[in-house]
Amino acid sequence: MTAAGTVPTTAEDTGPPAVPLLEPREGVPDVVHDAAGLERVIAAFAAGTGPVAVDAERASGYRYGQRAYLIQLRRAGAGTALIDPVGCPDLSGLDAALAGAEMVLHAANQDLPCLAEVGLVPRRLFDTELAGRLLGYPRVGLGSMVENVLGYLLEKGHSAADWSTRPLPDDWLRYAALDVELLVELRDALQEELEAAGKLAWALEEFAAILDTPPKPPRADPWRRTSGIHRVRNRRALAAVREVWEARDKIARERDLSPGRVLQDAAIVELALKAPKTPAELQALPTMRGRGARRHQSAWLRAVSRARGLSDKDLPESNVPGDGPPPAHRWADRDPEAAKRLTAARAVVAALADEHTMPSENLMQPDSVRRLAWTPPEESSASAIGAALRALGARHWQVELTAHPLARAFLRLEVKEL
Numbered sequence: 022m023t024a025a026g027t028v029p030t031t032a033e034d035t036g037p038p039a040v041p042l043l044e045p046r047e048g049v050p051d052v053v054h055d056a057a058g059l060e061r062v063i064a065a066f067a068a069g070t071g072p073v074a075v076d077a078e079r080a081s082g083y084r085y086g087q088r089a090y091l092i093q094l095r096r097a098g099a100g101t102a103l104i105d106p107v108g109c110p111d112l113s114g115l116d117a118a119l120a121g122a123e124m125v126l127h128a129a130n131q132d133l134p135c136l137a138e139v140g141l142v143p144r145r146l147f148d149t150e151l152a153g154r155l156l157g158y159p160r161v162g163l164g165s166m167v168e169n170v171l172g173y174l175l176e177k178g179h180s181a182a183d184w185s186t187r188p189l190p191d192d193w194l195r196y197a198a199l200d201v202e203l204l205v206e207l208r209d210a211l212q213e214e215l216e217a218a219g220k221l222a223w224a225l226e227e228f229a230a231i232l233d234t235p236p237k238p239p240r241a242d243p244w245r246r247t248s249g250i251h252r253v254r255n256r257r258a259l260a261a262v263r264e265v266w267e268a269r270d271k272i273a274r275e276r277d278l279s280p281g282r283v284l285q286d287a288a289i290v291e292l293a294l295k296a297p298k299t300p301a302e303l304q305a306l307p308t309m310r311g312r313g314a315r316r317h318q319s320a321w322l323r324a325v326s327r328a329r330g331l332s333d334k335d336l337p338e339s340n341v342p343g344d345g346p347p348p349a350h351r352w353a354d355r356d357p358e359a360a361k362r363l364t365a366a367r368a369v370v371a372a373l374a375d376e377h378t379m380p381s382e383n384l385m386q387p388d389s390v391r392r393l394a395w396t397p398p399e400e401s402s403a404s405a406i407g408a409a410l411r412a413l414g415a416r417h418w419q420v421e422l423t424a425h426p427l428a429r430a431f432l433r434l435e436v437k438e439l
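The numbering of the sequence shown is the working numbering, which starts it at 22 and goes up by one.
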């Protein structure tokens, strides 16, 4: 570590300026890309002690999917390891060696899926971003947390890089190693803060819930997530969105490219609205002037043609009913009492979140608040509200804080209606 002295335990914005962190303590390690190197890492980390800092770098915006292209680890007694999961796609041996260790990640939900793909699955977790949220830090990015809690400046210039690049540049590897350099120290400082604030049990419950939550199933009709689809007003044009989206997805998957690098969402919407029939008509569209869009113009024309030829019964529905409440802005007309409950519930959660210095969404998921207000239990008792919240996935600490205040708010509304 280039910064002199020991790591400070706290650093407020009004305190001394943060110290730039320029080099890992033991220097930048060589990237491990073969079985022999991986065995050495396994042995070193099995002999290490304490929590294991873990991070992963993906190639979002460049490659198809969310696989990891570099995995960084650090543990006391073992130092830092940089592993190439392309050359070492099976980390189950490392996973077994670390089975009893707590893994420290920042924004764990972002990295857990790609770590699981290579066989690295935490049994115990400490999420430094989530800890920062529960403590009320206004900025919870890794760089901000390291600066405000530990007093060091991390360079964040390569976070959006194409990590599928080979060989990886030296400055990228330095950046990657520094991402785990102080992660355990950050964890320790945040645990002390959580204990002092009486929030450690809450955080541990949240960390366990992250690990216990099963992977999300594939989204139904993912093409409906196309940006700008709200401009598409009829079912045949929606069919064109679907056909072009699926053609793009197939090309992106086969070429291992981010779908947006094959064709932008704006181009999909424009193709659906204008429905070109010839290459000349397609090339005249403003969104089709990029080389990537024109390279596969025959695929886009075929997709639009398929949509044009579908029978009415094969066209997608304009609106697919969801499994939850309708949009909140429609509640006043559809169910005025539910709208009043939602307003009251949101006010309760916001006040409690402010009292306990955390974002409202970390105290209670907005979707859970909406569902509770739309379909409340038959009686507005704290026990009934608590049971409903637990059924919606709320943790014990969240129910303890919110059930009684929500019940009181709902009961007040009922009294007003009498």
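Every residue gets a Cβ at the ideal spot worked out from N, C-alpha and C, and that includes glycine.
With 16 as the cutoff for other CB atoms within 10 Å, does residue i come out buried or exposed?
{"i": "R433", "result": "exposed"}
{"i": "A428", "result": "buried"}
{"i": "G153", "result": "buried"}
{"i": "Q285", "result": "buried"}
Leaving out the 5 sequence neighbours to the left and right, which residues in its chain are closer than 6 Å to residue i when beta-carbon positions are compared?
{"i": "T378", "result": "G157"}
{"i": "E275", "result": "none"}
Going by DSSP, what residue range makes up the alpha helix (DSSP H) through residue i?
{"i": "R195", "result": "191-202"}
{"i": "L303", "result": "300-304"}
Got a sec? Which residues, its chain only, sit under 7 Å from residue i by beta carbon, not counting five neighbours each side?
{"i": "A129", "result": "L146, D148, I231"}
{"i": "A288", "result": "T308, M309, A314"}
{"i": "A80", "result": "Y90, D183, W184, S185"}
{"i": "S113", "result": "G140"}
{"i": "R362", "result": "A394, P397, F431, L434"}
When you compare each of the options to residue i by their alpha carbons, which one comes out closest?
{"i": "V205", "options": "Y90, A301, T70", "result": "T70"}
{"i": "R254", "options": "L336, A305, P300, E78", "result": "L336"}
{"i": "G345", "options": "A394, Q318, A320, R310", "result": "A394"}
{"i": "V52", "options": "R96, A102, E60", "result": "A102"}
{"i": "V75", "options": "L203, L363, G114, L284", "result": "L203"}
{"i": "F66", "options": "L427, A120, R411", "result": "A120"}
Counting along the chain, where does the beta strand (DSSP E) carrying residue i start and finish?
{"i": "A408", "result": "Not the beta strand (DSSP E): A408 falls in the alpha helix (DSSP H), residues 403-412."}
{"i": "T70", "result": "70-79"}
{"i": "M124", "result": "123-126"}
{"i": "I104", "result": "100-104"}
{"i": "L15", "result": "Nothing can be reported for residue 15, as the shown portion of the chain is limited to 22 through 439."}
{"i": "L94", "result": "89-97"}
{"i": "D354", "result": "No beta strand (DSSP E) holds D354; the alpha helix (DSSP H) holding it covers 352-355."}
Could you compute how far the alpha carbon of residue i sits from the alpha carbon of residue j?
{"i": "R256", "j": "R315", "result": "26 Å"}
{"i": "V142", "j": "R329", "result": "47 Å"}
{"i": "A372", "j": "A408", "result": "22 Å"}
{"i": "E358", "j": "H350", "result": "13 Å"}
{"i": "I92", "j": "V161", "result": "21 Å"}
{"i": "A99", "j": "P72", "result": "11 Å"}
{"i": "L189", "j": "A197", "result": "11 Å"}
{"i": "T186", "j": "C135", "result": "17 Å"}
{"i": "G58", "j": "V49", "result": "15 Å"}
{"i": "G414", "j": "R327", "result": "42 Å"}
{"i": "G281", "j": "G108", "result": "27 Å"}
{"i": "R263", "j": "W244", "result": "6 Å"}
{"i": "V125", "j": "K295", "result": "50 Å"}
{"i": "A268", "j": "Q318", "result": "11 Å"}
{"i": "V436", "j": "E400", "result": "13 Å"}
{"i": "S389", "j": "G249", "result": "27 Å"}
Excluding sequence positions up to five away, which residues of its chain have a Cβ less than 8 Å from the Cβ of residue i?
{"i": "E168", "result": "A32, A39, L174, L175"}
{"i": "S402", "result": "A428"}
{"i": "S404", "result": "A424"}
Of all Cβ atoms in chain C, is any one closer than 8 Å to the Cβ of residue i?
{"i": "H425", "result": "Absent from the structure is chain C; it holds one protein chain and no more."}
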